[in-house]
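Novice: Numbering (my numbering), first residue to last: 2 to 132.
We put the CB at the ideal spot given by N, CA and C, even for glycine.
1) Can at least three beta-carbon pairs, one atom from the segment 29-41 and one from the segment 61-71, be found at a separation below 8 Å?
2) Shortest alpha-carbon distance to residue 99 belongs to which of 90, 89 and 110?
3) Express the C-alpha separation of residue 79 and residue 85 in angstroms, rounding to a whole number.
4) Per DSSP, what kind of secondary structure is residue 87 in: helix, strand or coil?
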């Protein structure tokens, strides 16, 4: 099934490709940020961000895949689970920004690495002068 193992439903981020046809030029790295947002969500919440589509699993894989694509295109990931609500607001902010539907609305990789939640969790130390 498209949701097996908590993985991504398809290989393309929203706005990237449809049936192998490029939909619009993408800012460099921002489609990868969507995929990274799916991975981060899965790591932090323990489920695929679009797992709510699994309610259609008994209707067949075509119905399930169509629902996943609809949720992805609408940017409707599960933000109601207890695990999501327990996340720090800053973590929710980073993940939400990474899962933005429009690539231009997602952070660049550099901006994501400078997000307050990551900096607070793992402060960047300046290298010592080795002279």
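Specialist: In this structure, then:
1) no
2) Ranked by how close their Cα comes to the Cα of residue 99, the residues 90, 89 and 110 have 110 in first place.
3) 8 Å
4) helix
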